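Residues are numbered in my numbering as their position in the sequence shown, beginning at 1, plus a constant of 18.
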Amino acid sequence: KNEEIARKNEALTNLNAEKDKLFRVIAHDLKNPISVMINFTDHVMNEIESLSPDEMREFMKALNKSSREGFALLENLMDWARMQTEDYTFEPEEIDITEIAQKNIEMLHSIAENKNIDLILQTGEEIKCMGNRNMTATIIRNLMGNAVKFTPEGGKITIRAENKNGFYEISVIDNGIGISKEDQNRLFKIDEHLTTVGTNDEKGTGLGLIICRDFVNKQGGSIGVESKSGEGSRFYFTLPLAE
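#1: Short of 6 Å in beta carbon distance, which residues of its chain neighbour leucine 227, apart from the five on each side in sequence? Order them along the chain.
#2: CA-CA distance, leucine 257 and asparagine 27?
#3: Which same chain residues, not among the five before or five after isoleucine 23, have their C-beta less than 6 Å away from its C-beta?
#4: Among Ser84, Met63, Ile157, whose alpha-carbon lies nearest the alpha-carbon of isoleucine 229?
#5: Please state the DSSP three-state secondary structure of glycine 88.
#6: Answer with buried or exposed for threonine 9, where buried requires no fewer than 16 other C-beta atoms within 10 angstroms of its C-beta.
#7: Pairs of beta-carbons, one from the stretch 164-182 and one from the stretch 135-155, closer than 8 Å: are there three or more?
#8: So what's leucine 137 in DSSP terms, helix, strand or just coil?
#9: So, helix, strand or coil for serine 68, using DSSP?
#10: Three or more beta-carbon pairs under 8 Å between the stretch 157-176 and the stretch 246-253, yes or no?
#11: What is the DSSP secondary structure of isoleucine 195, counted as helix, strand or coil?
#12: Hey, is the stretch 110-130 in contact with the stretch 87-97, meaning 3+ C-beta pairs nearer than 8 Å?
#13: In whole angstroms, what separates the C-alpha of isoleucine 123 from that of arginine 25?
#14: With C-beta atoms as the reference, is phenylalanine 108 less than 8 Å away from asparagine 150?
Rendered as structure tokens:
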């Protein structure tokens with residue numbers, strides 16, 4: 019009995035330590051886009067009469083970019099916080115991966131279009147899994163968002179699903195900049211806090227993959243990556259088949 023109590027205490031200590039690290043990451047990374055927005059709006063307010071339309075357009079583009087980064091971080095934080103509440107209960111339901119992936123493609127279409135990136139869905143008409151719709155949408159949104167971020171102009175991103183031993187394996191495949199073996203070992207770990215700049219200088223926090231890991235584990239699946247530097251990446255996760 020003492021051993022069981024010790025194990026539970028250790029698990030609780032580790033969980034609290036991970037939460038502390040996560041909140042430090044959030045505090046640091048949420049500060050950046052907000053600081054940029056404040057600086058830009060200060061400059062525009064002070065110089066508005068002397069700024070040309072082209073200069074105003076550039077400021078608005080930068081402001082929009084920072085707003086999107088801050089909003090994406092907040093979305094992830096809210097999703098993760100919702101799962102941590104004591105009254106949260108996970109009740110699997112039948113979900114359609116094709117429908118969820120299609121909605122994410124529509125959401126990311128304008129961002130991908132700005133980089134002339136093709137988003138291709140290869141999942142078949144209906145892919146029925148047991149899981150949580152919001153969690154799964156968050157996972158796919160993060161993986162697709164990262165793929166767009168790290169794929170150069172004119173690239174291609176494919177979403178694919180395969181039936182494997184009682185699970186569907188959902189893959190997000192890009193032909194982007196890839197990830198070194200060393201960095202792959204640091205993914206999905208909050209204490210590593212790996213951050214990389216995208217092909218158009220997009221900022222990231224690494225927080226999205228931590229949330230993907232937690233959400234996949236909660237649904238009884240697994241998550242992983244295959245990649246080579248300069249040759250693109252395949253991020254994949256599994257969910258149980260609908261009965």
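Ideal Cβ placement from N, Cα and C applies to all residues, glycine included.
These numbers were taken from a predicted model, which means no experiment stands behind them.
So, to answer that:
#1: On the sequence shown, residue 227 is found 209 positions in, with the first residue counted as 1. Only Leu205, Phe206 meet the Cβ criterion.
#2: As a working mapping, residue 257 is identified with position 239 in the sequence shown. As a working mapping, residue 27 is identified with position 9 in the sequence shown. About 30 Å.
#3: Here residue 23 refers to the residue found at position 5 when the sequence shown is read from its first residue. Cβ within range, chain order: n/a, list empty.
#4: In the sequence shown, residue 229 corresponds to position 211, counting from 1. Nearest option by C-alpha distance: Ile157.
#5: Here residue 88 corresponds to residue number 70 of the sequence shown, with the count starting at 1. It is helical.
#6: Any answer about residue 9 is impossible in this case: the structure gives the chain only from 19 up to 261.
#7: Touching, per the Cβ criterion.
#8: Position 119 of the sequence shown, counted from the first residue, corresponds to residue 137. Strand.
#9: Residue 68 sits at position 50 when you count from the first residue of the sequence shown. In this structure, DSSP gives serine 68 a state outside helix and strand, which the three-state scheme calls coil.
#10: Three or more beta-carbon pairs drawn from the stretch 157-176 and the stretch 246-253 are found closer than 8 Å, and the two stretches are therefore classed as touching.
#11: Here residue 195 refers to the residue found at position 177 when the sequence shown is read from its first residue. Residue state for isoleucine 195 is assigned as coil, using DSSP reduced to three classes.
#12: Result no; under three Cβ-Cβ pairs closer than 8 Å.
#13: As a working note, residue 123 is residue 105 in the sequence shown. As a working note, residue 25 is residue 7 in the sequence shown. For isoleucine 123 and arginine 25, the distance between alpha carbons rounds to 43 Å.
#14: In the sequence shown, counting from the first residue as 1, residue 108 sits at position 90. In the sequence shown, counting from the first residue as 1, residue 150 sits at position 132. In this structure, asparagine 150 lies closer than 8 Å to phenylalanine 108 by Cβ.
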